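Numbering (our numbering), first residue to last: 34 to 151.
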């Protein structure tokens, strides 16, 4: 029996499914193959870890929300960073529009990486 077939049967055994080959043949292979014994031990350990994780509540990992709004946020105010980001976006759009309409911005069209829209 080759290791792939034995590991497939071991995987079915670990999951509680019907093994595709007789269990006695798999046990014989395990007795003579240290690589498959190591694989089985790792697979059993991983299965146990995953089953423990599956039993945990998914909500336990999420913290409670803070009451109200986050500190430092004032309703209706826009910070200078947002204004600066908006201004940069307007400048980029203006440059792209100008170049798209054919304005000469001093950048040759064949310049690799120099095109505003790329």
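Just so you know, even glycine gets a beta-carbon here, dropped at the ideal spot from N, CA and C. Remember, it's a predicted structure, so these values are computed and weren't measured experimentally.
Would you check if the distance between the CB atom of residue i and the CB atom of residue j is smaller than 7 Å?
{"i": "residue 47", "j": "residue 76", "result": "yes"}
Residue i: buried (16+ other C-beta within 10 angstroms of its C-beta) or exposed?
{"i": "residue 59", "result": "buried"}
Could you give the DSSP three-state label for residue i: helix, strand or coil?
{"i": "residue 134", "result": "coil"}
{"i": "residue 54", "result": "coil"}
{"i": "residue 66", "result": "coil"}
{"i": "residue 119", "result": "helix"}
{"i": "residue 35", "result": "coil"}
{"i": "residue 44", "result": "helix"}
{"i": "residue 79", "result": "helix"}
{"i": "residue 88", "result": "helix"}
{"i": "residue 127", "result": "helix"}
So is the beta-carbon of residue i under 6 Å away from any non-hydrogen atom of the ligand PLP?
{"i": "residue 54", "result": "Among the ligands in the structure shown, none appear at all, so the ligand PLP cannot be discussed."}
Checklist line | the stretch 34-42 in contact with the stretch 59-73 per 3-pair CB rule at 8 Å | finding: Yes, the stretch 34-42 touches the stretch 59-73.
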